[in-house]
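Residue numbers (this note's numbering), protein chains in the order written: chain A, 6 to 621; chain B, 5 to 342.
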């Protein structure tokens with residue numbers, strides 16, 4: 006069962022700038038709040054000066070801060086900050102307590118040398134751990150980049166370093182999508198009589214903005230809140246981390262070591278980061294030379310007997326197509342995670358979308374069926390990563406797990422599962438008695454059509470697999486027409502049989518309504534909120550959310566047949582609606598679509614459903 | 005029990021009918037590989053042979069080991085995944101000049117650079133055979149083929165040069181007809197820890213017959229090739245009357261007893277020296293001014309990718325001491341809900 010999840014757009018954001026009193030934090034904060042006011046935000050600010058006019062540089066007493074609260078309904082400077090900019094270790098130490106759990110700390114890593122840490126009285130060389138910082142830390146080599154930006158300015162180093170605050174400001178403007186023009190306008194007025202200083206500052210603010218753009222820096226401006234709290238131990242987790250952990254859980258429950266072959270790509274890279282850290286749990290995460298090597302190394306690891314995975318986003322999935330085809334025809338277990346972003350091509354790397362569905366379902370040559378599942382929320386990424394791995398290992402098939410930029414970066418409170426909460430995963434291994442039955446590599450369990458898995462190193466089971474079609478019986482290369490049909494059918498049947506091994510589709514909301522709202526994947530929270538609102542307003546709507554896409558749950562036809570109108574809402578031009586309509590031609594399917602790189606607004610769903618209901 | 009068994013070449017041979025063209029150089033490579041594996045004595049079920057696409061890549065079907073015939077150019081990446089997943093397996097890779105150096109060029113250089121413990125046979129016939137006769141990345145400039153009817157307008161790769169450019173730790177060369185040398189270099193490749201590249205000049209009897217004749221011709225072969233052996237003098241010619249000496253920054257072929265050269269002047273081969281400067285000079289000899297080098301040209305020790313991963317995993321596991329995922333998560337920031 007899905008935890009009930011509400012999506013709330015953050016109407017407000019709190020940013021705190023902190024640094025040495027000479028670092029110009031007040032100016033940066035002021036400009037940021039003025040720019041925000043200029044785009045129509047309410048603002049409230051809180052300057053936090055040190056007592057000393059100029060305490061020694063880099064010391065705790067010399068830290069100056071400026072907190073800005075922007076957005077709608079802003080009446081105070083905010084209790085705590087979503088984003089903390091810390092120009093040195095002393096600032097981080099003094100202001101870390103103002104940062105929200107799960108917030109973002111941006112630090113000038115150039116100012117975190119050993120001597121800097123000592124000046125701020127740190128006892129270890131790991132300031133984050135020492136402070137118990139529960140935040141996403143973005144380390145930015147600010148000093149270096151400012152020096153580079155002003156290398157040709159002819160300014161002395163001291164003057165150059167005074168522009169560091171503008172780099173931080175530029176980066177924060179990028180994060181919150183503030184127009185740089187108005188910041189520059191304010192600066193120009195301030196330095197009206199010092200054009201050279203204006204020029205230098207303008208250059209640096211642009212450099213900070215560009216840096217944010219180049220590293221795809223992003224801060225989620227959404228909170229996902231679970232309102233169905235069960236007793237237990239909780240932690241905060243984002244979708245990418247949950248995905249990584251779900252795979253580890255599957256590895257523990259199957260006894261197969263976890264291998265990840267991957268290549269960095271926004272917004273999926275954090276899966277690679279997390280699994281690279283998890284060498285402490287025996288995970289082998291290899292950063293390969295490209296997306297193709299990412300999947301091919303994973304196919305190799307699967308052949309060798311690992312739980313193998315590769316993580317990517319849409320453009321990477323395109324490159325992995327042929328490798329996926331190899332896993333399909335070799336009938337090897339493989340998990341491919343596509344953290345969807347705006348497309349086509351490079352598209353909108355940092356923005357969310359659900360437009361890779363058809364690529365996942367069909368993006369390969371030949372009759373090439375595989376399983377597709379989708380996660381509904383950040384915490385659901387854990388379950389569905391586990392499910393993807395379970396299906397892959399028990400059904401000897403590649404599985405694509407679709408998440409998206411929204412749930413991948415969004416975080417939520419998550420109850421840590423008990424040790425026995427997830428089932429054992431039992432791959433269809435070969436057993437010695439099969440040798441007497443004339444075992445061949447493509448010999449199947451004739452009920453499930455799942456072939457038996459013989460892992461290299463096992464005596465007696467040496468065999469050759471490959472991308473060429475094989476004979477159903479002998480497993481030798483075959484171009485026989487009837488055999489090809491038989492193998493194509495067996496592979497299809499194998500994937501269709503998975504429907505018997507997944508949970509039924511559940512209906513929530515007003516089950517007796519005439520209208521069924523349908524969604525899939527990462528839009529769950531928005532749709533769930535919309536359904537609640539619609540029913541509260543007296544517009545009766547039932548709700549079904551798909552997490553198993555291919556195959557569909559076995560009761561799908563039964564559910565769809567109960568409703569006069571089915572409304573499929575998705576962040577693409579109707580890919581799931583098309584798919585559902587093709588599978589269930591008699592269903593009366595209407596659509597709500599949005600392709601703007603942004604999640605739905607709850608109000609958009611409410612309005613869309615209302616309009617369709619009124620049009621009837 | 006398994007360990008003490010003596011294996012014969014037949015133990016590594018599958019029951020599949022070998023479908024290469026009669027007279028193809030691949031037959032010889034296959035037979036020698038069976039022999040080399042018997043010499044090494046590793047049980048067939050502990051060996052995986054991986055290939056991409058092309059004539060040479062069909063080889064895996066003729067092995068009675070574990071085998072994986074993958075997709076065009078990607079054998080290196082698949083083999084890397086296999087070796088990292090289970091370092092106890094002996095992993096061989098078979099590739100051709102098109103599969104390995106054109107479509108698979110990226111994976112090739114990174115596999116060599118990472119120094120993954122894989123033994124790679126690179127069968128170089130300077131042509132695409134399976135697609136029926138297009139020029140390959142090792143075809144000489146001006147080579148006329150179906151896809152270059154007026155001659156190619158590009159320079160070829162010299163495989164050895166790529167290997168050294170990618171900081172390779174092992175490079176050897178043989179010729180399909182040099183059975184003994186082939187077996188010697190295959191066994192040496194298998195014994196080398198790290199990525200071993202064995203280039204085998206191989207004849208395509210249908211689309212590029214005689215492409216290596218300049219060095220393979222029986223009459224002139226002793227004068228146009230030199231068999232390098234670590235620790236031995238670099239001698240060649242029918243009666244080993246010729247040898248290589250250093251000449252300024254380069255190498256020179258001399259005849260012993262002529263121009264004042266004696267046996268003492270002849271270079272001794274050192275495959276284990278870290279610097280690849282002379283290895284590269286030796287590998288670039290093409291049989292024209294200087295004899296083409298066969299045998300193990302470079303064989304040096306360096307950290308091995310899959311071994312370093314194992315070490316790091318063991319290290320970090322011991323340091324952090326987590327027993328399972330839940331243990332790791334619980335060590336982080338959590339709170340109780342009652």
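Where a beta carbon is used, it is the ideal one built from N, C-alpha and C, also for glycine. Since we're looking at a predicted model, the values are computed, not measured.
{"Asked": "Residue 100 of chain A burial status per 10 Å Cβ neighbour count (16 or more: buried)", "Found": "buried"}
{"Asked": "Nearest neighbour of residue 80 of chain B, chosen from B:69, B:119 and B:48 [CA to CA]", "Found": "B:119"}
{"Asked": "Completely contained alpha helix (DSSP H) runs for the stretch 94 to 147 of chain B, where each covers 4 or more residues", "Found": "109 to 118"}
{"Asked": "Outcome for residue 250 of chain B when other beta-carbon atoms lying within 10 angstroms are tallied against a minimum of 16", "Found": "exposed"}
{"Asked": "Contact with chain B by residue 323 of chain A, beta-carbon distance below 8 Å", "Found": "no"}
{"Asked": "Cβ of residue 171 of chain B within 8 Å of any chain A Cβ", "Found": "no"}
{"Asked": "Nearest neighbour of residue 536 of chain A, chosen from A:567, A:574, A:504 and A:98 [CA to CA]", "Found": "A:574"}
{"Asked": "For residue 103 of chain A, the nearest candidate out of A:73, A:378, A:326 and A:287 (CA to CA)", "Found": "A:73"}
{"Asked": "Interface flag, residue 132 of chain B vs chain A, CB-CB below 8 Å", "Found": "no"}
{"Asked": "Inter-residue spacing [alpha-carbon to alpha-carbon] between residue 278 of chain B and residue 304 of chain B", "Found": "6 Å"}
{"Asked": "Partners in chain B for residue 293 of chain A, counting only beta-carbon separations shorter than 7 Å", "Found": "81"}
{"Asked": "Residue burial classification, residue 220 of chain A (beta-carbon count within 10 angstroms, cutoff 16)", "Found": "exposed"}
{"Asked": "Any C-beta of chain B under 8 Å from that of residue 264 of chain A", "Found": "yes"}
{"Asked": "Cβ-based burial, residue 5 of chain B [other Cβ within 10 Å; buried from 16]", "Found": "With a pLDDT of only 45 at residue 5 of chain B, under 50, the local geometry of the prediction cannot be trusted, and the value read off the model is given with reservation. Exposed is the call here."}
{"Asked": "Below-8 Å beta-carbon distance, residue 265 of chain B vs any chain A residue", "Found": "no"}
{"Asked": "Alpha carbon of residue 136 of chain B to alpha carbon of residue 142 of chain B, nearest angstrom", "Found": "16 Å"}
{"Asked": "Assigned secondary structure, residue 489 of chain A (DSSP; H/G/I helix, E/B strand, else coil)", "Found": "helix"}
{"Asked": "Contact with chain A by residue 46 of chain B, beta-carbon distance below 8 Å", "Found": "no"}
{"Asked": "Beta-bridge pairing of residue 353 of chain A - partner residues as DSSP gives them", "Found": "A:347"}
{"Asked": "Within chain A, the residues that residue 96 of chain B reaches when beta carbons sit closer than 9 Å", "Found": "Per Cβ cutoff of 9 Å: no residues; residue 96 of chain B is ~12 Å from chain A at best."}
{"Asked": "Closer than 8 Å to chain B by CB, residue 179 of chain A", "Found": "no"}
{"Asked": "Assigned exposure category for residue 129 of chain B - 16 Cβ within 10 Å defines buried", "Found": "buried"}
{"Asked": "Closer than 7 Å at the beta carbon, the chain A residues around residue 71 of chain B", "Found": "469"}
{"Asked": "CB contact flag (residue 273 of chain A, residue 280 of chain A, <8 Å)", "Found": "no"}
{"Asked": "Any C-beta of chain A under 8 Å from that of residue 85 of chain B", "Found": "yes"}
{"Asked": "Beta-bridge pairing of residue 204 of chain B - partner residues as DSSP gives them", "Found": "B:127 and B:178"}
{"Asked": "From A:135, A:420, A:381 and A:458, residue whose alpha carbon lies closest to that of residue 397 of chain A", "Found": "A:458"}
{"Asked": "Rounded distance between the beta-carbons of residue 14 of chain B and residue 54 of chain B, thought under 8 Å", "Found": "At roughly 22 Å, the Cβ-Cβ gap does not stay under 8 Å, so residue 54 of chain B and residue 14 of chain B are not in contact."}
{"Asked": "Chain B contacts made by the stretch 296 to 314 of chain A, where a contact means CB separation under 9 Å", "Found": "297, 298, 299, 300, 301, 302, 303, 304, 305, 306, 307, 308, 309, 310, 311 and 313"}
{"Asked": "Rounded separation between residue 543 of chain A and residue 552 of chain A - CA only", "Found": "28 Å"}
{"Asked": "heavy atom of the ligand HEM below 7 Å from residue 60 of chain B C-beta", "Found": "Of ligands this structure carries none, so the ligand HEM is not represented either."}
{"Asked": "Proximal chain A residues relative to residue 50 of chain B, where beta-carbon distance stays under 7 Å", "Found": "462"}
{"Asked": "Separation of residue 566 of chain A from residue 314 of chain B, as counted between CA atoms", "Found": "55 Å"}
{"Asked": "Segment limits, beta strand (DSSP E) that includes residue 575 of chain A", "Found": "570 to 575"}
{"Asked": "Where the alpha helix (DSSP H) containing residue 392 of chain A begins and where it ends", "Found": "385 to 400"}
{"Asked": "Inter-residue Cα distance where the pair is residue 1 of chain B and residue 111 of chain A", "Found": "With chain B covering only 5 through 342, there is no way to say anything about residue 1 of chain B."}
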